[in-house]
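Each residue of the sequence shown is one higher than the one before, starting from 63 at the first, in our numbering.
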Amino acid sequence: MEPQKAPPLPKPSSTVMVIRPLADATPGGFAAHSGFELFMVRRHSKSRFMPDRYVFPGGRLEEADSGPQALALLRGFEPTREAPLFRDMPYKGAWQAEVPLTRPQQAGLYTAAFRELFEESGVLLAVDKAGNPPDLTADQGLAERLAQYRLEMQADQLNFFEMLKREKLWLDYPNLVYFSHWITPVSEPYRFDARFFLAGVPLDQAAESDHLETSDGLWLTPQTALARYNAGDFNIAYPTLLHLEWLAKQPSVEAALDAARRKTVVAAMPDQLPDDENGPVFQLPPDVINNW
63 MEPQKAPPLP
73 KPSSTVMVIR
83 PLADATPGGF
93 AAHSGFELFM
103 VRRHSKSRFM
113 PDRYVFPGGR
123 LEEADSGPQA
133 LALLRGFEPT
143 REAPLFRDMP
153 YKGAWQAEVP
163 LTRPQQAGLY
173 TAAFRELFEE
183 SGVLLAVDKA
193 GNPPDLTADQ
203 GLAERLAQYR
213 LEMQADQLNF
223 FEMLKREKLW
233 LDYPNLVYFS
243 HWITPVSEPY
253 RFDARFFLAG
263 VPLDQAAESD
273 HLETSDGLWL
283 TPQTALARYN
293 AGDFNIAYPT
303 LLHLEWLAKQ
313 PSVEAALDAA
323 RRKTVVAAMP
333 DQLPDDENGP
343 VFQLPPDVIN
353 NW
């Protein structure tokens with residue numbers, strides 16, 4: 063009998079749930095009870111990982127994400143401060159399965175989140191020196207340059223962080239709220255140690271699939287996504303389902319962001335149950351299901 067292969071190590075990665083209000087009470091702000099929608103992308107049918115499924119924009123940590131050039135662009139980040147960057151409860155859940163990271167690598171998961179969000183959706187969570195986000199509606203020249211930069215990045219002709227330096231922009235670190243920590247089960251051939259983040263954007267925020275790693279992108283409410291999933295019309299993975307269920311309980315962008323800042327985070331790794339007619343079935347352990 064051949065010796066059993068060790069499961070592949072999970073790759074550190076970042077995922078961003080970006081939400082915008084359905085109605086805006088103040089310019090650039092969020093209405094108190096407006097409801098909101100989020101942007102999701104559909105992975106290409108030929109993708110090795112979760113093909114043809116709707117996911118939140120994201121991807122793996124790259125070496126450049128943790129470099130000094132990248133971390134210097136995190137506005138509001140204090141590199142010498144020793145406070146933890148992630149508020150996971152110690153020794154809870156699947157903490158033993160997570161990939162050990164240096165502090166620069168932990169910060170790099172934030173820059174990776176910004177980078178992947180821009181690459182996969184075109185949403186740039188950045189500010190100028192004064193802390194103001196760029197007005198792409200008023201500055202059509204910048205909007206056109208960003209669209210061109212995105213194409214150049216897809217062709218490996220431009221570095222995301224060089225783009226920011228060129229435009230004198232910084233990543234809006236305080237606007238990216240750490241939300242959850244999920245680790246792919248050992249039974250899966252492609253595994254990720256994923257940090258989920260939540261970010262709010264204005265009503266007029268545009269987004270579009272990259273049509274490269276993803277084949278489609280759309281804004282929809284979490285309630286609509288869940289209704290389509292229950293009708294068999296929206297292919298999503300188990301972690302995505304639980305995140306949508308959480309979001310569906312929030313009345314507004316501000317309420318969701320506030321709840322996200324206060325929520326418990328426990329490293330979550332689902333158990334794989336026997337397959338049903340639709341394929342693999344996953345479920346969180348009882349001690350994690352209500353506090354991930």
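Glycine included, C-beta positions come from ideal geometry on N, C-alpha and C.
inquiry  = Pull the bridge partners of M102 from the DSSP assignment, please.
reply    = L280
ask   = What separation, rounded to the nearest whole angstrom, lies between the Cα atoms of P74 and V103?
value = 20 Å
task = Measure the Cβ-Cβ separation of A188 and V78 and say whether it is below 8 Å.
result = no
request  = Out of R228, E144, R110 and K67, point me to the one whose CA is closest to K135's CA.
outcome  = In the sequence under discussion, the amino acid at residue 135 is Leu, which differs from the Lys named in the question. Ranking the options by Cα distance to L135, first place goes to R228.
query = Along the chain, where does the beta strand (DSSP E) that runs through Q345 open and close?
reply = G341 to Q345
ask   = Between the region 301-316 and the region 122-137, do three or more beta carbon pairs fall short of 8 Å?
value = no
task = Under the assumption that G121 contacts A330 (Cβ atoms under 8 Å), give the Cβ distance between them as a whole number of angstroms.
result = Not quite, the Cβ-Cβ distance comes to about 19 Å (not below 8 Å), so this is no contact.
message = In whole angstroms, give me the CA-to-CA distance for L304 and N352.
response = 10 Å
ask   = How many Å lie between R143 and F118 at the Cα?
value = 30 Å
ask   = Hey, quick one: how far does the beta strand (DSSP E) through V328 stretch, first residue to last?
value = No beta strand (DSSP E) contains V328, which DSSP labels as neither H nor E.
request  = With DSSP as the reference, please indicate the residues paired to R82 in a beta bridge.
outcome  = E99
inquiry  = Contact between the region 143-152 and the region 124-132 is defined here as three or more beta-carbon pairs at a separation below 8 Å; is this criterion met?
reply    = no
task = Would you list the residues sitting across from W232 in a DSSP beta bridge?
result = V189
ask   = Does the region 242-251 come close enough to the region 211-220 that 3 or more CB-CB pairs lie under 8 Å?
value = no
inquiry  = Nearest by alpha-carbon distance to V185: which of L233, A192 and Q168 is it?
reply    = L233
query = Is L179 helix, strand or coil by DSSP?
reply = helix
Rounded C-alpha distance that separates D190 from I245 = 35 Å
message = Whole angstroms are fine: how far does the CA of T199 sit from the CA of R212?
response = 18 Å
query = Among V350, G279, P141 and G341, which has the Cα closest to the Cα of H243?
reply = V350
ask   = Whose CA, out of V161, F241, L100 and Q158, lies closest to the CA of F148?
value = F241
ask   = In whole angstroms, what separates the C-alpha of E31 from that of P301?
value = As shown, the chain starts at 63 and ends at 354. That puts residue 31 outside it, with no answer to give.
ask   = Buried or exposed: D114, going by 16 or more other Cβ atoms within 10 Å of its Cβ?
value = exposed
message = According to DSSP, is K73 part of a helix, a strand, or is it coil?
response = strand
ask   = Where does A261 sit, in a helix, a strand or coil, going by DSSP?
value = strand
key: Of the listed residues L335, Y235 and N194, nearest to P141 (C-alpha basis)   = Y235
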